[in-house]
Each structure stands twice: as C-alpha cells, then as structure tokens.
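Colleague:
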Amino acid sequence: MCSRPSPRSRNRGFAISRCTSLRRCCMIRARRCIGMCMPLTGAIQAERRRAIDVRRGTRPASFCHGANNIVVSISGRWNGMTGMRPSLLRLAALGLLLLLNSPSYAGLREDGAACDATEPHPELAIPACTRLIAANPRGRDLSITYYNRALAWHNKGNLEKAKADYDQSIAINPSFAPSYGQRAKVYLQNQDYDRALSDFDQAIRLKPAGQFSAGWFNNRAELFVATGDYDRALADYGKSIELDPNSWYAYVNRALVYDFSGKDRLAALHCEDAIKRAPHAAGPYYCRAAVEVSAGDLDSAARDVERAIAIQDGQSEFYSLRGLTFAGKGELDQAMRDYDRATQLNAQGALNYARRGLADEKKGDVDAARADFRHALDVIGLDQLDRTQGQRVAREGLQRLDKVASTDKSVVADHAAAKPVPALATAVPVPPISAGKAATTERRVALVVGNSKYRSVPVLPNPGQDAAAIANTLRAVGFQDVRLVTDATRDSLVDALKSFTSAADGADWAVIYYAGHGMEMAGENYLVPVDAKLATDRDVSFEAVALTQVMGATEGARKLHLVILDACRDNPFANQIKRTVASRSIGRGLAQVEPDSGTLVVYAAKHGQVALDGDGGHSPFVTALIKRMQTPRIEIRKLFDLVRDDVMVATDRRQQPFSYGSVPGAEDFYFVGASQNAAK
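In the working numbering, the protein residues as written are 55 to 734.
As structure tokens, this is what we get:
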C-alpha cells in the first residue's frame, strides 16, 4: 500500500512563522523579511531600502531577520527614527552585523537549516535539533523542533524515541495537529490500534480540512485495513480523495482494498483513475498489475510491473509482485530472485517473506519455508495491507506445514497401534445409504456441524435444524459418508475434525458445513463451540477452533475442498470479551480469508454483514442452498452465484453470500449430475 509523504516537507509554514529559516523566510514570507534576506555585504543597504518602503506604507512595520530567530519590531514611527544621528545608525548596524557573523549565531543558523530540512537526513537533523532544544533560542517554537526531531527518529526507525519527541511536541503545544497525526503512525506501526485511532481522530478534529488532512484520512484508512474494517477504510480513502483529488495515493490504496475484497471491477477503475492523474508515476501501474494478478492475467500484470520498475526502480513491492507473476507461471527460480531482491530492499515487508515462503514450499524446502513464514509474522512494517495479507498467508503456511509434519507422525503411530477410531459421543447416528442414492462413482464425504444451545450466550434457533437439513440433502445427492454433529463442545468439535481428516484422505470431495457463532480476532477466524465462555481475548485460542484447522481437515481430498460457513451472525461474545492486549482487534463476525488454490470457502454473508435467520424453518441461506444443491446439472461455481442471488432477493439485498478461493479449473463439479438425476 502506498504511503503518503510525511508532512515534513509541508510543515515549513509553522517554522517560518517563527523565523526559523532564513531561506524559506525570504522565499515564502518575503514581505516580512528585510536585511538578512540578502548577502551580508549588502545587509545595510537592503535594510535601508526596506525601511523606506515601510515609511511609504508599502511594507508592514514588522519584519524578521531570518535564521537568527530574533524578531525585530519597529514600535516607533519612521518619523521618530529620522531624528537619530547617522553615526548612531551606523553603530547599530555595525553591531547587528557583528552579531550575525558571530560563531554562535552561525551555528544556530546552520542547526536551524539542518533541523528544518525538507529532505529527511536523520544523521544531520537529530543532532541539530538536539542543539537547538538545548539552546532554546528566543523566537523558536520548541514544539516544532521536537516534531522535526521526532520525524528524524521516525525515518531512522527508532519508534520509541520518535514517540517521546511527539509527546514533547504535544505537551508544549496541544493544538499542533501534525504531531498527533505522526504519533498515530507510530502507534499504528506498533499495532496499538486504539491509541492510533484516538490520535488520528484528534488530528482530524483539529484540522479537518488542512493541508495534511488528506494524509491523515489515508493513514487512518490503513488502520481500518489492519483491523479488518474495510468499509470504514474505503470511506476514509474516499475522504482523502475528496480533500486531495489530484493525488494518486488514495486511489491506489482504495483500489488495493477493493482488490483484496474481491471487487475486481472497482479496483481496476481506481487504478485507471490513478494512472490518469499520474501517468509518469510508478505506483498506479503497480496497482493495475496487482489487480491483473488477482484476475489471473499474468502477462498483462508482468508488463505493468515491468513498467513500474522502469519508472521507479528500487521498490520492494514491485519486485515482490513480479516474483508472484513468475511463480504463477511456474518459473520458481526467477520468482525466488525477485523475492530475494524484495526482502533486501524492505526487510519489514511481511508479504515479501510470505510469498518467498510459498515458493520455498513449492520447491520442497520445508525448513526455508518455515523460516520465511515465521519472519513474516515478526516484521512490523508500516504497510498495513501488506502486513495483513502477508501474516495471514504466513500463519496458514505454518499451520499447513505443521499439519503435514503431524500427519506423517500419526500415520506411523496408527500403523503401529492399529486401533480403530472411537465413535463420536455427540454424533447423531447416520443410517446406511442405499445403493440407489449413491449413484456417483466418486467418493464424497461431509462433516456437518450445527451449534444452537450455547451455554454462555442466548440460544440460536436455526443452526441445529439447518444442519440436519443440510446433512439429509447431502445424503440424498449421493454423499457416501455424512457426519452430523450438533451442539459441539470444543473437545467434540476437535475430535470430529480429527476423525473427518482421516475420512477425507483419499476421498474425491470433502465438504464441511458449519452453522453457529464465529468470530475474528487479530486477523484470525474462529468457530465458537457451545461451551466457550471467552472471558478474555487470551481464551479465544483455547476455547474456540481456528478456521484454518477446519479448512485443513479437507486437504486430503483429491479433487474438491469445500467449506460452507453459516456463522456470520451478530456475535454476542464480542461485547463481553475483555482485551488484555489493547492492540488486539476483535471482530463481531468472520474476516475475509485467502484459502489455498483448490479450496472454496463460502460465507452465508459477506464480511461486514449479518446472516439473517428468516421467518421460516430455515435461514434464507440454507433454504437457497438446499434448493440449488438438489437441482441437476448446476456447476458448483454457478451454484453459489445462484444461491447468492436467491438470498439477496429473499432478504431485500440485506444479506449477500460471498465466496473466497477457487476450485480446480480443469474439471466441472456438480452436486447432482445427469447420471444421478436419471437414477432417481
């Protein structure tokens, strides 16, 4: 995600008003500058000329002597000065000249220029600002000096010292909005989202439409991206565009969120808008390349990312994206070279390491993949969308590698012990399937879970009966092994998943349907068993079951991995969970997922919506799903499109089911094919 420049280059107006920079005072506030705006050798003559202008009324009676930080006011009228002897005037001018050429003044002037420099040079700015703070020259605003030193520490990567200086700047001048805006970025980088949001809000309250406000809305949108609140992120990017319509940054960032949300068309339109505004900038072409990768157009993406690199070489995200195009074409060696270059350019890019970890995994280098995935989880980069995507990919990668390792061990243990898998205590007995129903030659297995009778929150009316109806439908369309689990505790849900994993190994289809409560915490999705209490955020990983574990249970199937989640309800646990870590976000429903290729995850309602229970015996989603699953010859991709349309009509567009991931493109998948229909 593209970061707007920090307001260092624009904060000169504050410094200038206190006469902290001779050059800028002369260029920007020339009407109030005399004498020292010219070479010292001509200082006296220039001062006299400007004094004449004051007398004529063409110049104001207050002027500033630049970097010496001394504000001189002509309190008396010119007529009062004309009576002074020429010798006295010459003596005063000579004294002023000696003062301005003194070593102490020269040092302060140089420090002022270094501390206030537009281009970030922390090695010069930090000591210069420190000396100015110690000297505390009259007329200089220390809140701005602390702010400039904080920017230097921030650019150097020392977040602790940057925050301390932003704190000092705010303590001196609580109305100085840029310090809040920049301190918020420190909190954001440290994943302290509550404090970051508070500071962004305060900066915007102080300057809702100032010269930096577009940047604050852009950066606050990144916070919402990090916490999974994509609707508010898109709204803030829109406000940033409104305040600064000629800047391409917010267009690109908004496009990337649209792309991440699966809204390819809107993403592409925003990239094109960015290109129109900045045809010679690299970021908009990178934006379009990212959208093209998502659409599977790797050749166009490769051309656009090459163009971005040609315009602005040295950007890690450009090489990372080009590596992804190489990996998509199976050219792993070239992909690895680009990923290596990306990590060299930006050691804090989570997505760089995550993508390289995927390439390591494809090459069979498990140790390298594990190291890259772990590195992705440790970085603290500023780009929130990069970190959100990269760390999600890394977590799933580590869980996948751990599963492979544990599976290998369990296979050996199972062969050694040769013990049967125990029956599930909470499973509803499933009658044997007649040969007539099992008309398909493929082996299809399903695990269906319905959690209604929660113990710590109100009972849900529909999940139990919805799950029973789905199980019956799956049996009717030819699934040979359907396991129905109702009101699952955590232990029984984990046991059911473990047993189902074994059943899925070697099957053609593996399907899991879950109805009940689900939630998101810190970017990870969880299914909530009926015995969960979730008193604190630390309890979630112990009392709930991670969605990645659920998806992993389907991976053994040869052809289709399908997970259907009717868990997008208004989660009551979110109100009662006590957060022990302030930066740990807790969502009211499920966050978006990025499943591996070949896995399809279907939500009953897209992120940000609540699934409705409906007025009948089943929810609108289940009613539509049962209807479409029993209809012959509907390919599975189209089937879920039809389910979406049915639900939107039934709920007056208040609920929109959403699919993530994909199924293998080389084959069509039908719940009921032509042969099955004939058999019935």
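Here a beta-carbon is modelled for each residue, glycine too, at the ideal position from N, C-alpha and C.
#1: Would you mind listing the beta strand (DSSP E) stretches within the segment 233–262 that are 3+ residues and don't spill past its ends, in chain order?
#2: Go ahead and pull the three-state DSSP assignment for Y724.
#3: If contact is defined by three or more beta carbon pairs under 8 Å, each pair taking one atom from either stretch, is the segment 552–565 in contact with the segment 575–588?
#4: Identify the residues that DSSP records as bridge partners of R537: which are they?
#5: Hey, could you find the ends of the alpha helix (DSSP H) H432 is sitting in?
#6: Straight-line CA distance for R708 to R319?
#7: Do you know how far the Cα of A349 is from the Cα of G715?
#8: Please tell me whether R331 and N307 are closer than 8 Å, where the distance is taken between their beta carbons.
#9: Does DSSP put E578 in a helix, a strand or coil?
#10: Who are Y714's beta bridge partners in DSSP?
#11: Could you tell me how far apart the beta carbons of Y580 and L619 are, in whole angstroms, since I believe they sit closer than 8 Å?
#12: In the structure shown, what three-state DSSP assignment does E411 receive?
#13: Just confirm the distance between the C-beta atoms of A257 and G235, as a whole number of angstroms; I'd bet it's less than 8 Å.
#14: Which same chain residues, not among the five before or five after R342, have their C-beta less than 6 Å away from its C-beta?
#15: Taking the beta strand (DSSP E) that A569 belongs to, which residues open and close that run?
#16: What is the DSSP secondary structure of G337, reduced to helix, strand or coil?
#17: With DSSP as the reference, please indicate the residues paired to H615 in a beta bridge.
#18: For E748, which of helix, strand or coil comes out of DSSP?
#19: Just how far apart, CA to CA, sit T543 and P583?
#20: Output the distance between the C-alpha atoms of G532 and Q710, rounded to the nearest integer angstrom.
#21: Spatial neighbours of P598 within its chain, please: CB distance less than 8 Å, with the 5 preceding and 5 following residues excluded, ordered by chain position.
#22: Looking at the structure shown, is G451 part of a helix, part of a strand, or coil, going by DSSP?
#23: Between which two residues does the alpha helix (DSSP H) holding D706 run?
#24: What's the C-alpha gap between D221 and G418?
#25: Three-state secondary structure (DSSP) at A216?
#26: Across which residues does DSSP place V458 in a beta bridge pair?
#27: Can you give the Cα-Cα distance for D706 and L386, rounded to whole angstroms?
#28: Considering only DSSP beta bridges, list what G572 is partnered with.
#29: What first and last residue would you give for the alpha helix (DSSP H) that runs through E296?
#30: How about E209 and C169: are their beta carbons less than 8 Å apart?
#31: State whether the segment 276–293 contacts the segment 308–317, with contact taken as three or more CB pairs (one from each stretch) at a distance under 8 Å.
#32: Is the beta carbon of S506 sitting closer than 8 Å to the one on P515?
#33: DSSP has V513 in a bridge; who is on the other side?
#34: Between which two residues does the alpha helix (DSSP H) carrying P176 extend?
#35: Can you tell me where the alpha helix (DSSP H) holding E326 begins and where it ends?
#36: Could you tell me whether the Cβ of K681 comes closer than 8 Å to any Cβ of chain E?
Modeller: In this structure, then:
#1: none
#2: strand
#3: Output reads no: the segment 552–565 does not touch the segment 575–588.
#4: L501
#5: Residue identity check: residue 432 is Asp in the sequence provided, not His. Note, D432: alpha helix (DSSP H), 420–432.
#6: 21 Å
#7: Within the model, the alpha-carbon separation for G715 versus A349 is close to 12 Å.
#8: no
#9: strand
#10: Y714 is bridged to V655.
#11: Actually they are not in contact, since the Cβ atoms of Y580 and L619 sit about 11 Å apart, beyond 8 Å.
#12: The question names Glu, but residue 411 is Gly in the sequence shown. Here G411 sits in helix by DSSP.
#13: 4 Å
#14: Closer than 6 Å at Cβ, skipping near neighbours: C325, D358.
#15: Looking at the DSSP string, the run of the beta strand (DSSP E) that includes A569 is 563–569.
#16: G337: helix per DSSP, three-state reduction.
#17: Paired residue(s): A564, T653.
#18: What the structure shows of the chain is the stretch from 55 to 734, and residue 748 is not part of that stretch, so it cannot be assessed.
#19: 5 Å
#20: Their backbone Cα atoms lie some 28 Å apart in a straight line.
#21: Reading off the sequence shown, one finds Ala at residue 598, where the question assumed Pro. Closer than 8 Å at the Cβ level, and outside the excluded window around A598, lie R544, M573, Y580, L581, V582, P583, A586, L588.
#22: helix
#23: Element bounds for D706: n/a, residue is neither H nor E.
#24: 49 Å
#25: helix
#26: When beta bridges are read from the DSSP output, V458 appears opposite no residue.
#27: 47 Å
#28: L581
#29: 284–297
#30: It is worth fixing the name first, because residue 209 is Asn in this sequence and not Glu. Going by C-beta atoms, N209 is not nearer than 8 Å to C169.
#31: yes
#32: yes
#33: Paired residue(s): none; V513 is not in a bridge.
#34: 176–189
#35: 318–331
#36: Looking for chain E here will not work: only one protein chain is present.
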